[in-house]
Every structure is written in C-alpha cells, then in structure tokens.
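As structure tokens, the structure follows; a few thoughts come after it.
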Amino acid sequence: MNKNELQKLEILATKIRIDTVESIKSIGAGHIGGSLSIIELLAVLYGSKMKYDSKNPSWDDRDRLVLSKGHAGVALYSTLAECGFFDKKELMTVNNGGTNLPSHPDRNKTLGIDATTGSLGQGTSIAAGIATGLKLEGKDNYVYLIVGDGELNEGQCWEAFQYIAHFKLNNCIVIIDENKKQLDGPSKDIINPFNIQEKMRAFGFETISVKGNDIEAISEGIDYCKSIEDKAVCIVLDTIKGQGIRYFEEMAGNHSVKFTDDNVNNETEKILREMKNSLKEWE
Numbered sequence: 001m002n003k004n005e006l007q008k009l010e011i012l013a014t015k016i017r018i019d020t021v022e023s024i025k026s027i028g029a030g031h032i033g034g035s036l037s038i039i040e041l042l043a044v045l046y047g048s049k050m051k052y053d054s055k056n057p058s059w060d061d062r063d064r065l066v067l068s069k070g071h072a073g074v075a076l077y078s079t080l081a082e083c084g085f086f087d088k089k090e091l092m093t094v095n096n097g098g099t100n101l102p103s104h105p106d107r108n109k110t111l112g113i114d115a116t117t118g119s120l121g122q123g124t125s126i127a128a129g130i131a132t133g134l135k136l137e138g139k140d141n142y143v144y145l146i147v148g149d150g151e152l153n154e155g156q157c158w159e160a161f162q163y164i165a166h167f168k169l170n171n172c173i174v175i176i177d178e179n180k181k182q183l184d185g186p187s188k189d190i191i192n193p194f195n196i197q198e199k200m201r202a203f204g205f206e207t208i209s210v211k212g213n214d215i216e217a218i219s220e221g222i223d224y225c226k227s228i229e230d231k232a233v234c235i236v237l238d239t240i241k242g243q244g245i246r247y248f249e250e251m252a253g254n255h256s257v258k259f260t261d262d263n264v265n266n267e268t269e270k271i272l273r274e275m276k277n278s279l280k281e282w283e
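Laid out in structure tokens, this is it:
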C-alpha cells in the first residue's frame, strides 16, 4: 500500500469514527465501544477491498458483508453513508421512529445492508449460507463476516464455523473482533474465550492475528486470506473496545454509553473538534 492509499483510508476511518460518535450522541445512548473497535476494518473493506456499487446496492456481482455483531450497526451505517449509499443526514435519524436505520441492521430497511442481524450468532449461519450459494452459482464474490468475541458465547457460531471449515468455504472471510469486553465486563471473566486463534485452527481454519487499528496490516491480512485455496480462513482482529478514542477506550462501562452527563458530553465535543481539525490538516 502506498502513502496516498494509506492516507485515503485513514481519512475515511476518521470520517466514519466522527459520524459514528455524532450519530450515537444524537440519540443520547448507544453501543459506542463495539462500534469504534471495527472502524479501521470497515474503512479497509469499503475503501479498498470490497466490490460494490453504492448506486446499485443489490448489484448481483457485489461482495457481501454480514455484521453478525449487529449492535455495531451505527458504524456500518456511517460507512455506507460515507461511501454514497444514502445521504449522511439520515445518520441523525438512527433508532428514531420511522427511521430506515434501526439500532441493528435490517436488510429490508437500509440500502447496502446484506443481512438482517442482531440476534447474536445467527450472522455466522447467514454468511455460511450466502457463501455456499455463491459457490454453487460458480461466482467468485467474497462474503465478509464480522463476529464479536463476546458473541462466541453463542453455540450457533461454532456450528456454523464447523460447516464453513468442512465445506472449505474460503470465499467467506471470517473476521473475529476480539475487543475483549462485553456488556457485563471483560470477556475472560464472563465466559473465558481462551485462545481464539488456537480454537479456530482446531476447527480447521487458516487463522492469523492482525492488529485492529493497523490499516496496512488489515489490508495485508485480507489479501493473505484471499490467497488461501481449499481451506476456510479467519482473521482474529486484536482490538480495544472504544478503539481510536482514548477517552472511550479507558471508560469502564463503554459497551453502551449514555450521553446524559455533562462531563461525557463536554469531553465528546472536544474529541469531535479534534478529529475534525485533523481532517482539515489532511485535506
């Protein structure tokens, strides 16, 4: 990746991060921690890797994305808006009555959403089904599946992983967001996931670990997965809940943040100003 390509993706990631924080702040509360942890990944996918047409979201030859951790829907909406699927003004309607942007993705409401998700674990099965269909049709499109590490508590994930590995669905790139926290606290204290890489390898996946805030490493990881033939592939994304904004990274209860406290609101406004100023320096 050359310097210009990297900067383009860094700018996109910053825009998505700003949109995500502003959207969640506008409704007074939301899943900010798990949304921020996948911003760089979404920037790489939609800014560089995925095949899509924002003016024709149902284009048959597009790649698909399944956000199984549907509570991070605002991050995906922000990405779709930045990439031209719909007007950015819609982001301020998230989770309001009559909106096309419900708290969790709904393929029947939002342009660019390929799968309705939010019931944890079900996205893995949906992605496996889509990938199987594409294989049967002889198409070379990819399905990108984003799963949360807390979501791995759901047994359905492991049933679907076993299926993906058995049928060597290398067109389904499984990406596990290992941000190490869930609603009630650190994942290791709720139900210890142990070593996720080792578990995915035991299930038959070619598995690599990538730093979740490293745009170049994410890009190279996806290219590596695409080079694997005849085997299922998985990226374990090493992230931090609230990634990219230290204030939220260090907040104890950052799974879902309420913007009802003056200190939280003032600090968030300061962060937004800083990020917008950084954009001006780039542009």
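Counting from 1, one number per residue, gives the positions in the sequence shown under full-length UniProt numbering.
Every residue gets a Cβ at the ideal spot worked out from N, C-alpha and C, and that includes glycine.
Inset, instruction - Can you tell me the Cβ-Cβ gap for Ile245 and Ile271, rounded? I've got them flagged as a contact below 8 Å. - result: On the sequence shown, residue 245 is found 245 positions in, with the first residue counted as 1. On the sequence shown, residue 271 is found 271 positions in, with the first residue counted as 1. About 6 Å separates the two Cβ atoms, so the contact holds.
Inset, instruction - Return the Cβ separation of Lys135 and Asn171 in integer angstroms, given the expectation that the two are a contact with Cβ distance under 8 Å. - result: On the sequence shown, residue 135 is found 135 positions in, with the first residue counted as 1. On the sequence shown, residue 171 is found 171 positions in, with the first residue counted as 1. Correct: roughly 6 Å between the Cβ atoms.
Inset, instruction - State the CB to CB distance for the pair residue 284 and His104, rounded to an integer number of angstroms; the pair is presumed to be in contact (CB under 8 Å). - result: Coverage of the chain is limited to positions 1 through 283, which leaves residue 284 absent and any answer about it impossible.
Legend entry - DSSP-derived helix/strand/coil call for Val94: The residue you call residue 94 lines up with position 94 of the sequence shown. In this structure, Val94 counts as coil in the three-state DSSP scheme.
Legend entry - Straight-line gap, Ser125 to Ile175 (C-alpha atoms, nearest Å): Here residue 125 corresponds to residue number 125 of the sequence shown, with the count starting at 1. Here residue 175 corresponds to residue number 175 of the sequence shown, with the count starting at 1. The straight-line gap from Cα to Cα measures roughly 14 Å.
Inset, instruction - Assign Ala252 to one of two classes, buried (16 or more other C-beta atoms within 10 Å of its C-beta) or exposed (fewer than that). - result: In the sequence shown, counting from the first residue as 1, residue 252 sits at position 252. Flag for Ala252 reads exposed.
Inset, instruction - For my contact list, Ile146 and Ser68 are in at a C-beta cut-off of 8 Å; report their separation, rounded to the angstrom. - result: The count along the sequence shown starts at 1 and reaches residue 146 at position 146. The count along the sequence shown starts at 1 and reaches residue 68 at position 68. Yes, they are in contact, since the Cβ atoms of Ile146 and Ser68 sit about 6 Å apart, within 8 Å.
Inset, instruction - Indicate the three-state DSSP secondary structure (helix, strand or coil) for Leu237 in the structure shown. - result: Residue 237 sits at position 237 when you count from the first residue of the sequence shown. Reduced to three states, the DSSP call for Leu237 is strand.
Inset, instruction - Would you mind sorting Thr268 into buried or exposed? The rule is 16 or more other CB atoms within 10 Å of its CB. - result: By 1-based counting over the sequence shown, the position of residue 268 is 268. Thr268 is buried by the Cβ-count criterion.
Legend entry - Buried/exposed call for Ser58, threshold 16 Cβ in 10 Å: Here residue 58 refers to the residue found at position 58 of the sequence shown. Flag for Ser58 reads exposed.
Inset, instruction - Kindly indicate which residue of Ser209, Tyr52, Glu22 and Ser54 has the alpha-carbon position closest to the one of Lys258. - result: Working through the sequence shown from its first residue, we reach residue 258 at position 258. It is Glu22.
Inset, instruction - Can you say whether Gly97 is buried or exposed, counting buried as having 16 or more other CB atoms within 10 angstroms of its CB? - result: Stepping through the sequence shown from its first residue, residue 97 is reached at position 97. Per the 10 Å Cβ criterion, exposed.
Inset, instruction - Using only alpha-carbon positions, find the residue among Ala160, Ile38, His31 and Gln122 that is nearest to Pro102. - result: Locating residue 102 in the sequence shown gives position 102, where the first residue counts as 1. Considering only alpha carbons, the answer is His31.
Inset, instruction - Work out the CA separation of Asp223 and Ser78 for me, nearest whole Å. - result: Indexing the sequence shown from 1 puts residue 78 at position 78. Indexing the sequence shown from 1 puts residue 223 at position 223. Roughly 24 Å separates the two Cα atoms.
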